[in-house]
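Read through the structure below, which is laid out as structure tokens, and then see the notes.
This is the structure we're talking about:
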């Protein structure tokens, strides 16, 4: 449903992304991994047209995103940024209701409010519906941002490090919610991830980026290998494949990068 | 297991969703009620203000003379008190509305209509008119200059934003730079001016609602009221900007366009509000906060509420300023601070949540 073709992006003459080609299928969870500055967040922003790619095109269900207007695009793509404090007070209900903005002109309809109420219920956020967003813990904030993206009713979810700074319980809870929504609504998700093990556990496919290029793409078994990790991160690791998904244990900084 | 948990919840979801819906409806209802209360308070205050003044006019006489032109009370009310009251309401609405918009667009709780340097450029224009009597509009040398220079400051800032970057930080810094530049230019003019002229400039910076004519009100209301519906229609976009530019973009807001046109329109409102009356400070900063403390950050309700609060505060201040020391009139800018600051401090200390 999402096709990215030969995408290039520069930040002031510095190449941030180069020749990115990617297909995303319906019902699929794909994670982007790679060191800091490898282009994970930039790729998400290009897909969402928060920044304009220098070259290449992105299609959603066969339609070129550069020919869609901002509201059309907002109905297709939900974006979950890393939680940032807001400058002004806002209740949780209002924060989630903003996900309905692409559908609302002035007054939210009963349907909009029902959708928000239902999402708050399903995500166990109902007790904090009228609490101030800024007073929530990091994990709760991330859940609210996720709820907002669900309220947007998108075809594709983009998530920028959805589990960073969260405790273990919230990390797993957030990832389970994402998988659940993707399967249940038959949409798809792309997540930028730092935690390789969490990414491997919850992704159908993974993309490993190195300096703005796709270094490796495939299912977790194909991507999480000690050769890939030493090339991209410069770290010696042990890979354990006891379960259905590989997980890795970092051992030490490799003597020299290959 | 997790899926099972959600499936189980589903049965009760319907009923509980209705609970949340009702809760939210009550929450929205309270905001509307607050605006309705303000809508009742404002005209009542205006009525009280009409009756205050050196010549005592009773409520019956006042209403009678509104429609009968032969009486002295008619002249006093129609040509002295009413223009003042109408202008006070207009300026209060304009400055508070513009202040709310600036705070939303610049994502800064310290922003006010004067953050981008409008006050000092307008003051410079006025001073130019007062001392050298040079201006484009001959009939309104001072007001015309003030208006043109006020608009000029927003063009400079938007030029910088277009050329460099349109982040709030860049704009605020450019505004501060403009403020310093034009303050020194005004000082330079004052240095050249005579005693009376300097006095007049100082008075202009205090702000005053005296000597307002209906014609001036017509011109000002044109500039203040026309942009209101456009900006009000963008309430959702203002709400979304509080989430950050990227989130707002992801939800379909054209962030740069909203910010640029929004600043232009809010500057137009501010210029319209101050060009005939001078710089009435504080209201544009404080009314949005008072409204936000009472009813939260949703701009669909915040914009009207903050405007009405601003109008009420200025009307109150003006009435006090011309009665407390009658027949002396204390400049309104001084009284707004005397009334507004303690009230604001009270709310600041009493507030339950941390807002910024």
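Residue numbers (the numbering used here), protein chains in the order written: chain Y, 1 to 258; chain Z, 259 to 614. In this text, a Cβ means the ideal position worked out from N, Cα and C, and glycines have one as well. No experiment lies behind these values; they were computed from the predicted model shown.
- One alpha carbon belongs to residue 121 of chain Y, the other to residue 281 of chain Z, and they sit about 13 Å apart.
- Annotation: Cβ neighbours of residue 113 of chain Y in chain Z (cutoff 7 Å, chain order): 279, 282.
- In the DSSP secondary-structure assignment, residue 189 of chain Y is bridged to Y/29, Y/157.
- Close to residue 545 of chain Z, with beta-carbon spacing below 7 Å, lies no residue of chain Y; the smallest spacing is near 15 Å.
- Residues of chain Z whose Cβ lies closer than 7 Å to the Cβ of residue 67 of chain Y do not exist; the shortest such Cβ separation is about 15 Å.
- With respect to chain Y, the C-beta atom of residue 554 of chain Z has a partner C-beta closer than 8 Å.
- The Cβ neighbour count for residue 69 of chain Y, taken over all protein chains shown within 10 Å, is under 16; the residue is labelled exposed.
- Cβ contact annotation for residue 81 of chain Y (same chain, cutoff 8 Å, sequence separation greater than five): 145, 160, in chain order.
- In the DSSP assignment, residue 249 of chain Y falls within the beta strand (DSSP E) that extends over 247 to 253.
- Contacts with chain Z (Cβ-Cβ distance below 9 Å) from the stretch 18 to 52 of chain Y involve 45, 48, 49, 50, listed in chain order.
- Counting along the chain, residue 148 of chain Y sits inside the alpha helix (DSSP H) bounded by residues 138 to 151.
- Of the residues assessed, residue 453 of chain Z falls on the exposed side of the cut-off, its CB having fewer than 16 other CB atoms within 10 angstroms.
- Judged by beta-carbon spacing, residue 411 of chain Z lies beyond the 8 Å limit of residue 514 of chain Z, meaning their Cβ atoms are not closer than that value.
- Under the 8 Å criterion on CB atoms, residue 508 of chain Z is classed as interfacial with respect to chain Y.
- The three-state reading of DSSP puts residue 15 of chain Y in strand, counting E and B together.
- The bridge partners DSSP lists for residue 210 of chain Y are Y/213.
- Taken through DSSP and simplified to helix, strand or coil, residue 167 of chain Y comes out as coil.
- In the DSSP annotation of this structure, the continuous segment of the alpha helix (DSSP H) that includes residue 420 of chain Z starts and ends at 399 to 421.
- Per DSSP, the unbroken beta strand (DSSP E) holding residue 55 of chain Y starts and ends at 55 to 60.
- Residue-level contact check: residue 130 of chain Y touches chain Z, since one or more beta carbons of chain Z fall below 8 Å from its beta carbon.
- Within chain Z, 504, 505, 507, 508, 509 have C-beta atoms less than 9 Å from the C-beta of residue 79 of chain Y, given in sequence order.
- Taking the beta carbon of residue 74 of chain Y as reference, the chain Z residues within 8 Å of it are 508, 509, 510, listed in sequence order.
- At a Cβ-Cβ threshold of 8 Å, residue 380 of chain Z and residue 362 of chain Z do not count as neighbours.
- Residues of chain Y with a Cβ closer than 8 Å to the Cβ of residue 421 of chain Z do not exist; the shortest Cβ-Cβ separation is about 15 Å.
- Pairing residue 542 of chain Z with residue 88 of chain Y gives a Cβ-Cβ distance that is not under 8 Å.
- For residue 550 of chain Z, the chain Y residues whose Cβ falls inside 9 Å of its Cβ are 88, 89, in order along the chain.
- Sorting Z/510, Z/485, Z/429 by C-alpha distance to the C-alpha of residue 495 of chain Z places Z/510 at the top.
- Secondary-structure assignment with DSSP links residue 292 of chain Z through no beta bridge to anything.
- In this structure residue 594 of chain Z is in contact with residue 538 of chain Z, their Cβ atoms being roughly 6 Å apart against a cut-off of 8 Å.
- The beta-carbon separation of residue 388 of chain Z and residue 474 of chain Z, rounded to 17 Å, does not stay under the 8 Å limit for a contact.
- Against residue 285 of chain Z, the close residues of chain Y are 130, in the order they occur along the chain (beta-carbon pairs closer than 7 Å).
- At least one CB atom of chain Z sits nearer than 8 Å to the CB of residue 93 of chain Y.
- Looking at the DSSP output, residue 79 of chain Y sits in a beta bridge with Y/158.
- Against chain Y, the beta carbon of residue 494 of chain Z has neighbours under 9 Å at 98, 101, 104, 105, 106, listed in chain order.
- Here residue 183 of chain Y is exposed: its Cβ has fewer than 16 other Cβ atoms, across all protein chains shown, within 10 Å.
- Taking a Cβ-Cβ cut-off of 7 Å, residue 197 of chain Y has no neighbours in chain Z, whose nearest Cβ is about 19 Å from it.
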